[in-house]
Each structure stands twice: as structure tokens, then as C-alpha cells.
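K.L.:
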Amino acid sequence: SENPFKCKLCPQEFAYNSLLTCHNRTHTGVKPFRCKQCPQAFARNSHLQRHNHVHTGEKPYKCKLCPQAFAQCSNLRQHIRTHTGEKPFKCKQCPRAFAQNSSLRLHTRTHTGEKPFKCKQCPQAFSRNSDLQSHIRTHTGDKPFKCKQCPQAFTRNSHLESHNRTHTGEKPFKCKHCPKAFAQNFQLRRHTLMHTGEKPFKCKLCPQAFARNYSLQRHNRTHIGEVI
């Protein structure tokens, strides 16, 4: 049967007015549900409750293939792809592929140069809102993500999670080509290029390509005559 509650700004329609109200916030950007422990805010209360797990340390979503557990179900789904190797979201401009569509969207901005999230206190702009929020803390000095085992504190939860591995020694990101394992996913990605020979960082001025971005940046200086 036809849903009676229709959005005035897009073709979406809903069975309940409460769902329409939540949906409208995707157009207005209103986020009335604010975290009491950090600057994050959310359009839905359920999203706030899910976010609170990052502060309480609760990780109810457990992987059946390894000891890892997660605060959010979406993080578990993403993690499972580290076991399956599935990367269904492929970049149209380079060989990169991603386990999440959101990661592909963010990556695409490295090609377009789009930085829609602008700081109001300085000229900096960012491709991701999370990067902007972290940057704002460089102005405020706020570090809400605190380590429970040492005095360290961080502007991002992801930095805290990476730091925690220095205490636990955990290396959850395992290479499929050799016995090596890594504490951080970017380390695994970088290492994997040694096996695949992939060189995703391509010079725009000559046919050269590189496995690492810093090698491309160094190479670019040869075109402008800068001493390396």
C-alpha cells in the first residue's frame, strides 16, 4: 500500500510521520541529539546511542572469525571484509577498491580535490567532516578520547584505537601473501603493494607511477627543478 507521509524535497515516502521527520533532517542538516562527552551530534537518537559505545568501551558486535569486537554493527560488517577480502566499491579513476561505499566517496575527492568542509577559524578545508571536527580541536585543544592505560589523549577515537594497540600488541590486519600482520590497516595496504606490484600513484606530467604517495611527491619535485 502507498505510504502516506511524503517528503516535499525528494521522492521518498514513509509509513510513519516519525520516519519522515527523521528523514527531513538529511535535507536540513539538523542534528538535535548531542553527545555529552564529545562534540558529535546526530539526526537520530538511535545513532547517538550507538555512538555512545565508543565512550563506554562497550563492543557488543563480535566477529565470529577472530576475537575482534566492535562498538557499531557497521564496523563489524566492514571488518568481516578484511577476512573475505571483498572490496565491491571500485574507483573509476585508479585501481583502488574499497570495502565501503563511503570510503570510495572519500577517496574520489583525492582525484577531484573537493574539500567541502571549511574551518571557520582559519583557511583550512577538508574532504571529510570528521577531519574538520578533528582539526577544530587543534584550535580548542580538546582531546576527548582518553587512554585508560596511560595519560595519552586524542582528538579522534580512531587515533585512540590505534594507540591502544601499542599496549595490547594486537595486529589484526593480516597479509594474505605472507605471515606479516599490522596494527593499522594503512600499514597492511602499503605492505600489500610490495606483493602486487601495484603503483596507484601516477605522475600527471610523465608516465612514472609509484607504490607510495611520498615517492610521487618526491618525484614531482624533479619536474619543477627542486633539489631533493
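Under the UniProt record's numbering, the letters of the sequence shown match residues 1 to 228, in that order.
Cβ coordinates follow ideal geometry from the N, Cα and C atoms, glycine included.
Bear in mind the structure is a predicted one, so any value in this text is a computation, not a measurement.
(1) When you compare only the Cα positions, how much space is there between L76 and H83?
(2) For the alpha helix (DSSP H) containing S18, name the first residue and the last one.
(3) Tell me the residue span of the alpha helix (DSSP H) that contains T110.
(4) Go through the UniProt domain "C2H2-type" (145 to 172) residue by residue and report every complete run of the alpha helix (DSSP H) that reaches 4 residues or more, in order.
(5) Would you list the residues sitting across from A71 in a DSSP beta bridge?
(6) What residue range is occupied by the uninterrupted alpha helix (DSSP H) comprising S127?
(7) Taking all protein chains shown into account, decide if E2 is buried (16 or more other Cβ within 10 angstroms of its Cβ) or exposed.
(8) Under the DSSP definition of a beta bridge, which residues are partnered with Y61?
(9) Quick one: is the Cβ of H27 within less than 6 Å of any heavy atom of the ligand FMN?
(10) Can you look up R34 in the DSSP assignment and give me helix, strand or coil?
(11) Report the CB separation of N164 from C147 in whole angstroms; it is logged as a contact under 8 Å.
(12) If the criterion is Cβ atoms closer than 7 Å, does the pair Q184 and S162 meet it?
(13) From the DSSP secondary-structure annotation, give me the bridge partner or partners of K115.
(14) Tell me the rounded alpha-carbon separation between K59 and K92.
(15) Note down the Cα distance separating R25 from A43, rounded to an integer number of angstroms.
(16) Beta-carbon within less than 6 Å of H55's beta-carbon, same chain only, minus the 5 sequence neighbours each way: which residues are those?
(17) What do you get for Q40, buried or exposed, if any count of 16 or more other CB atoms within 10 angstroms of its CB means buried?
(18) What are the complete alpha helix (DSSP H) segments, minimum 4 residues, inside the UniProt domain "C2H2-type" (201 to 228)?
(19) Do H79 and Q68 count as a contact pair if the criterion is CB distance below 7 Å?
P.N.:
In short:
(1) In the sequence shown, residue 76 corresponds to position 76, counting from 1. In the sequence shown, residue 83 corresponds to position 83, counting from 1. Computed Cα separation, rounded: 11 Å.
(2) On the sequence shown, residue 18 is found 18 positions in, with the first residue counted as 1. Counting along the chain, the alpha helix (DSSP H) containing S18 begins and ends at N17 to T28.
(3) Mapped onto the sequence shown, residue 110 falls at position 110. Per DSSP, T110 belongs to the alpha helix (DSSP H) from N101 to T112.
(4) Here the runs fully enclosed are 157 to 168.
(5) The sequence position of residue 71 within the sequence shown is 71, counting from 1. A71 pairs with nothing; no bridge assigned.
(6) On the sequence shown, position 127 is the one that residue 127 refers to. Boundaries for S127: no alpha helix (DSSP H) harbours it, and the DSSP string shows neither H nor E there.
(7) Mapped onto the sequence shown, residue 2 falls at position 2. With fewer than 16 Cβ atoms within 10 Å of its Cβ, E2 is classed as exposed.
(8) As a working mapping, residue 61 is identified with position 61 in the sequence shown. In the DSSP assignment, Y61 forms a beta bridge with F70.
(9) Here there are no bound small molecules, and the ligand FMN is not part of this structure.
(10) Walking along the sequence shown from the start, residue 34 turns up at place 34. In the three-state reduction of the DSSP assignment, R34 falls in the strand class, which pools E and B.
(11) As a first step, residue 164 must be located in the sequence shown, where it is residue number 164. As a first step, residue 147 must be located in the sequence shown, where it is residue number 147. Indeed, because the Cβ distance is near 7 Å, the residues count as touching under 8 Å.
(12) Within the sequence shown, numbered from 1, the residue matching residue 184 stands at position 184. Within the sequence shown, numbered from 1, the residue matching residue 162 stands at position 162. Their beta carbons are under 7 Å apart, which means Q184 touches S162 by this criterion.
(13) Locating residue 115 in the sequence shown gives position 115, where the first residue counts as 1. In DSSP, K115 forms no bridge with anything.
(14) In the sequence shown, residue 59 corresponds to position 59, counting from 1. In the sequence shown, residue 92 corresponds to position 92, counting from 1. K59 and K92: Cα-Cα distance of roughly 35 Å.
(15) One-based indexing of the sequence shown puts residue 25 at position 25. One-based indexing of the sequence shown puts residue 43 at position 43. Rounded to the nearest angstrom, the two C-alpha atoms are 6 Å apart.
(16) The residue labelled residue 55 in the question sits at position 55 within the sequence shown. Excluding five sequence positions before and after H55, the CB atoms of its chain that fall closer than 6 Å to its own CB belong to Q37, given in chain order.
(17) Looking up residue 40 in the sequence shown gives position 40. Buried is the label assigned to Q40, since at least 16 other Cβ atoms lie within 10 Å of its Cβ.
(18) Correct list: 213 to 224.
(19) For the purposes of this step, residue 68 is taken as residue 68 along the sequence shown, with counting starting at 1. For the purposes of this step, residue 79 is taken as residue 79 along the sequence shown, with counting starting at 1. Cβ atoms of Q68 and H79: closer than 7 Å.
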